Amino acid sequence: DALEFFLHLLDRVEHANARQSEFDPSRSFKFLIEERIACPSGRVAYNKRVDYILSLNIPLHEATNK
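Shown next, in the form of structure tokens:
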């Protein structure tokens with residue numbers, strides 16, 4: 004699948020440039036994701052993580068091909 008290949012390619016590029024990370028082209032694809040988690044009591048927590056992909060969870064019954 005294309006996503007698996009893309010992540011594998013980025014992993015190999017990162018490993019190949021481990022000694023010179025400032026020249027690592029895979030850094031161009033990294034971004035920070037901040038997730039907001041709210042509980043019923045009103046408390047809020049934020050989680051941050053670095054990722055290469057942005058996954059959107061779309062229910063199958065909402066997906067359409069036009």
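So for the sequence shown, my numbering puts the first residue at 4; every next one is plus one.
Note that the Cβ used here is the ideal one computed from N, Cα and C, for glycine as well.
Treat the numbers as computed from the prediction; the structure is a model and nothing was measured.
With burial defined as no fewer than 16 other Cβ atoms inside 10 Å of the residue's Cβ, what is the status of residue i: buried or exposed?
{"i": "L6", "result": "exposed"}
{"i": "L13", "result": "buried"}
Return helix, strand or coil for residue i, following the three-state DSSP convention.
{"i": "L57", "result": "coil"}
{"i": "A66", "result": "coil"}
{"i": "D14", "result": "helix"}
{"i": "P43", "result": "coil"}
Compute the Euclidean distance between the alpha carbons of residue i and residue j, then round it to the nearest angstrom.
{"i": "F9", "j": "F26", "result": "19 Å"}
{"i": "A21", "j": "I56", "result": "21 Å"}
{"i": "N60", "j": "H18", "result": "30 Å"}
Return the bridge partner residues of residue i from the DSSP annotation.
{"i": "K51", "result": "E37"}
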